[in-house]
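If you read the sequences in order, they're chains A and B.
Throughout the first sequence, residue numbering follows my numbering, covering 366 to 512 in sequence.
Throughout the second sequence, residue numbering follows my numbering, covering 366 to 512 in sequence.
Heads up, the thing below is written out as structure tokens.
Protein chains: 2
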Amino acid sequence: MKLSTRTRYGTRALLELALHRGEGPVFLKDIARQQQISLSYLEHLVAPLISGGIVRSIKGPKGGVTLAKKPEEIRLLEVNRLLEGSLAPVECVDNPDICERSAKCVTRDIWGEVKAAMNSVLEATTLQDLVERQKKKGLNQSKMYYI
Amino acid sequence: MKLSTRTRYGTRALLELALHRGEGPVFLKDIARQQQISLSYLEHLVAPLISGGIVRSIKGPKGGVTLAKKPEEIRLLEVNRLLEGSLAPVECVDNPDICERSAKCVTRDIWGEVKAAMNSVLEATTLQDLVERQKKKGLNQSKMYYI
DNA sequence: TACTATGTTGACTATTTTAGTCAACATTAT
DNA sequence: ATAATGTTGACTAAAATAGTCAACATAGTA
């Protein structure tokens with residue numbers, strides 16, 4: 366039950382964009398460096414976010430990427446969906462027809478509940494929430510220095 | 366975020382044992398046939414359940430396997446843990462030390478919440494719950510015939 | 001006792017998925 | 001024109017998962 370690096374890297378990249386919101390486009394190169402992943406790989410992660418309407422890109426020198434929506438409108442569930450597909454722990458949760466047992470299978474019901482539980486967390490969390498948590502952490506951490 | 370076949374097959378096998386509880390040991394061969402998986406593979410799934418204290422096995426002719434505990438004492442979380450390890454969507458949720466960002470990483474916090482949400486569902490569900498759901502489904506389905 | 005039907009274990013292979021690279025291309029500021 | 005960016009698709013590498021096979025251990029029964 367591991368998350369792919371796509372979702373992990375992608376979510377962090379978006380958070381980075383959210384933190385730099387209003388400062389104009391950010392170079393993918395810079396994000397790649399900051400997160401210590403290759404530019405090529407990052408480009409592949411960003412592509413679905415662009416086609417999914419979450420990121421806007423500008424080509425050419427002085428180009429880069431920015432968020433295409435307000436951070437409070439970008440839910441982690443959507444990010445995960447674009448980068449990794451459904452959270453269904455087993456295929457039959459989304460497509461009952463692929464297994465003849467689906468109708469009477471009680472384990473399938475449980476996997477459905479697991480999916481719903483995950484969905485609920487990621488549906489409830491937006492990039493803006495991450496930004497605020499980050500700010501709060503920063504404050505707490507700097508407070509530490511004075512104790 | 367897919368569940369491994371180990372957890373899926375293993376959970377179904379345990380449900381089968383729970384349904385046959387009190388009827389003496391069941392042959393792995395029979396479970397394998399019923400679930401349409403190879404005996405060899407099933408043996409490998411059952412091994413950790415035995416060493417984990419969930420299943421009891423009897424060798425020799427007239428051998429087989431049974432539940433080592435009451436179905437209401439067997440939580441799906443434990444089954445999953447034995448067959449697949451932790452539900453942590455990323456390693457750093459369980460082992461903060463593997464990443465230097467852990468302390469200040471807000472995405473990590475979210476992955477922790479996702480893990481907690483999944484845990485909560487599987488912690489709350491026992492084999493007995495599955496048995497009862499199965500019975501209820503059976504009733505509802507047979508009711509259908511009379512409508 | 002010998003035989004046979006079961007479970008046990010470990011090494012191995014195959015398959016699938018994930019991760020990542022590379023190269024050719026498109027666009028735009030200067 | 002050129003150079004710095006993003007875009008796309010084909011390809012390779014690595015890791016995880018799924019599954020097989022063979023040798024062994026144990027216990028019931030003829």
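For every residue, glycine included, the Cβ atom is placed at its ideal position computed from N, Cα and C.
> ILE423/B by DSSP, collapsed to three states: which one?
Replying inline: strand
>> Can you list, in chain order, the residues of its chain with a C-beta nearer than 6 Å to that of LEU380/B? Leave out the 5 residues immediately preceding and following it.
In response: LEU495, listed in sequence order.
>> With a threshold of 8 Å on Cβ separation, who are the neighbours of THR491/B within its own chain once the five nearest residues in sequence on each side are excluded?
In response: Closer than 8 Å at Cβ, skipping near neighbours: PRO436, GLU437, GLU438, ILE439, ARG440, LEU441.
>> Among LYS502/B, LYS394/B, PRO413/B, THR376/B, whose alpha-carbon lies nearest the alpha-carbon of LYS469/A?
In response: LYS502/B
>> Short of 7 Å in beta carbon distance, which residues of its chain neighbour ILE396/A, apart from the five on each side in sequence? Order them along the chain.
In response: So the list reads ALA378, GLU381, LEU407, once near-sequence residues are dropped.
> So which residues on chain B does ALA482/A lean against when the C-beta distance must stay under 8 Å?
Replying inline: The answer, in chain order, is ALA482, MET483, SER485, VAL486.
> Identify the residues that DSSP records as bridge partners of ALA430/A: which are they?
Replying inline: First, the residue type needs correcting, since residue 430/A is Val and not Ala in the sequence shown. Answer is VAL391/A, SER422/A.
> LEU384/A and LYS394/A look like a contact to me (Cβ under 8 Å); what is the Cβ gap, rounded to whole Å?
Replying inline: Contact doesn't hold; Cβ gap of about 17 Å is too wide.
> Would the beta-carbon of LYS480/B fall within 8 Å of that of VAL458/B?
Replying inline: yes
> Are any of the Cβ atoms in chain B nearer than 8 Å to that of LYS469/A?
Replying inline: Under the Cβ criterion of 8 Å, LYS469/A is counted among the residues facing chain B.
> Under 8 Å between C-beta atoms, does ARG377/B make it to chain A?
Replying inline: At a cut-off of 8 Å between beta-carbon atoms, ARG377/B makes contact with chain A.
>> Output needed for GLN493/B: all residues of its chain with C-beta closer than 6 Å, excluding positions within five of it in sequence on either side, in chain order.
In response: PRO436, GLU437
> chain B partners of GLN499/A, CB-CB under 7 Å?
Replying inline: VAL471
>> I'd like to know whether the C-beta atoms of VAL444/B and VAL430/B end up nearer to each other than 8 Å.
In response: no
> Hey, quick one: how far does the alpha helix (DSSP H) through THR491/B stretch, first residue to last?
Replying inline: Taken as a continuous stretch (DSSP letters only), THR491/B belongs to no alpha helix (DSSP H), as it is neither H nor E.
> So PRO413/B packs on LEU448/B, CB below 8 Å; how close in whole Å?
Replying inline: 6 Å
> If you draw a straight line from the alpha carbon of ARG498/A to that of VAL471/B, how long is it in whole angstroms?
Replying inline: 7 Å
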